[in-house]
Structure formats: C-alpha cells, structure tokens
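Numbering (the working numbering), first residue to last: 85 to 300.
Have a look at the structure below, then the notes.
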C-alpha cells in the first residue's frame with residue numbers, strides 16, 4: 085500500500101510556525117483575561133476594606149489586622165504593641181450645627197492629620213461613626229504617649245486658624261499589660277477613652293498626661 089504523500093519540508097515548517105503563533109496568541113488572550121480578572125478582584129478587595137468617607141481602611145480590615153498582630157505578639161512574648169481608640173468629641177453637635185458635609189470634612193481632616201503624624205508601620209482605620217483606631221506595632225505605653233504627643237502638636241498647629249475647635253478623646257491599651265487578645269485590648273482602650281470623656285474630654289495617655297487635642 086502506498087504511503088500518504090507528505091508536504092514539502094518548507095510547507096511543514098510554515099504550518100508548524102502558524103500553529104505556534106496561534107497558540108501564542110491564544111495564551112496572550114488568556115493571560116490578558118486573567119490579568120483583568122485579577123484587577124477586578126483587587127478593586128473588589130479594596131472596596132471591601134476601604135472607608136468611602138475618609139479613604140482609610142475600615143473596621144473589617146482593622147479587626148483582621150489586629151488579630152494578626154495579636155498572633156504575632158503571642159509568638160514573641162518579649163515584644164510589645166499598643167492600640168489607640170480615638171473619638172471625635174461632640175460630633176453629633178457638629179453635624180447638627182454645620183451639616184453632614186462639614187461633619188464628613190472633619191472626619192477626613194482627622195484622618196489626614198493622623199496619617200501625617202503616624203509612622204508608616206502604624207495602622208490607622210476608621211472604626212465607625214466618629215471613632216478611629218490605630219495599631220502601634222512594637223510600641224509600649226511610653227511610645228504610645230509620644231504618638232499622642234505628636235498628634236497633639238499637629239492638631240494645635242492647625243487650631244491656630246480654626247473656625248471652631250474640635251476635641252478628641254483618646255483611649256489606650258498595651259499588649260500584654262491590658263490584654264492578650266484582640267477583644268481585651270479593644271475593651272481596655274474603649275474603657276480608657278470613655279474615662280477621658282468623663283474627665284472633661286481630655287486625651288488620655290499612659291505617661292505623661294497629654295493636653296486636650298484640638299483641630300481646625
């Protein structure tokens with residue numbers, strides 16, 4: 085039986101090159117599709133963890149990061165870490181007297197000041213309403229006091245041309261002194277923050293006591 089005639093070598097090469105090019109184009113299209121899918125997922129993740137008013141990370145992100153920080157500290161018991169809970173005093177009154185647009189502007193201003201004051205490794209999030217939270221890695225009580233002192237200085241600087249003064253109450257907790265899990269640390273900071281409100285809405289710091297925080 086006669087064998088099937090084969091195409092000339094040159095034609096075979098052209099056919100093989102065409103097949104390779106077709107496969108490359110297919111893979112390129114698939115790669116672009118996957119890239120678009122990854123970008124969409126990244127945008128979705130960003131929306132899930134981002135506060136739309138201030139641009140900060142939100143409560144969901146904070147809770148996950150705090151759990152991570154507690155696990156890290158638990159593996160390294162000789163390390164320390166602190167938490168700040170910051171509340172904008174009389175925020176409802178600001179909204180009532182000046183409107184919600186001004187209120188949102190105040191929240192954005194607080195977020196901006198905190199972002200300019202904190203270190204790159206610190207994690208600042210909007211906790212909800214008029215409250216913010218800050219995770220301070222590798223920071224003990226005295227270090228937390230210095231952070232609040234820097235925040236106080238930044239706020240006082242802005243207050244010099246303020247149309248009205250804004251006050252913040254700050255609560256603090258440190259691992260492991262005030263708790264060894266996320267709930268205990270947040271509860272301790274919350275108690276400390278409300279204690280500062282009862283004492284005249286003055287910012288509370290471990291050492292030394294900080295002056296009242298003001299903001300334009």
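Ideal placement from N, C-alpha and C gives every residue a C-beta, glycine not left out.
As the structure is a prediction and not an experimental result, all values here were calculated from the model.
Boundaries (first-last residue) of the beta strand (DSSP E) holding residue i
i: residue 222; result: Per DSSP, residue 222 belongs to no beta strand (DSSP E) and is neither H nor E.
i: residue 265; result: Note, residue 265: premise wrong, no beta strand (DSSP E); not H, not E.
i: residue 214; result: Unbroken run through residue 214: none, as it is neither H nor E.
i: residue 172; result: 165 to 172
Rounded separation between residue i and residue j - CA only
i: residue 172; j: residue 146; result: 18 angstroms
i: residue 276; j: residue 256; result: 6 angstroms
i: residue 112; j: residue 119; result: 10 angstroms
i: residue 201; j: residue 231; result: 8 angstroms
i: residue 199; j: residue 115; result: 37 angstroms
i: residue 41; j: residue 278; result: Summary: the structure shown does not reach residue 41, with the chain confined to residues 85 through 300, and so no result is reported for it.
i: residue 226; j: residue 179; result: 35 angstroms
Bounding residues of the alpha helix (DSSP H) (the contiguous stretch that carries residue i)
i: residue 137; result: Looking at the DSSP string, residue 137 is not in any alpha helix (DSSP H), and its letter there is neither H nor E.
i: residue 143; result: 143 to 159
i: residue 192; result: 184 to 201
Per-residue burial, residue i [other beta carbons within 10 Å of its own, 16 or more giving buried]
i: residue 155; result: exposed
i: residue 197; result: buried
i: residue 174; result: exposed
i: residue 249; result: exposed
i: residue 210; result: buried
i: residue 102; result: exposed
i: residue 246; result: exposed
i: residue 219; result: buried
i: residue 153; result: buried
i: residue 244; result: exposed
Nearest-angstrom Cβ-Cβ length linking residue i and residue j, presumed shorter than 8 angstroms
i: residue 269; j: residue 167; result: 5 angstroms
i: residue 143; j: residue 213; result: Contact doesn't hold; Cβ gap of about 10 angstroms is too wide.
i: residue 162; j: residue 266; result: About 20 angstroms; that fails the 8 angstroms criterion.
i: residue 157; j: residue 217; result: That belief does not hold up - the Cβ atoms of residue 157 and residue 217 are roughly 17 angstroms apart, past 8 angstroms.
Exercise. At which residue ranges does the segment 230 to 255 contain complete alpha helix (DSSP H) runs of 4 or more residues, listed in the order of the chain?
Worked result: As far as the segment 230 to 255 is concerned, it has no whole alpha helix (DSSP H) run of at least 4 residues.
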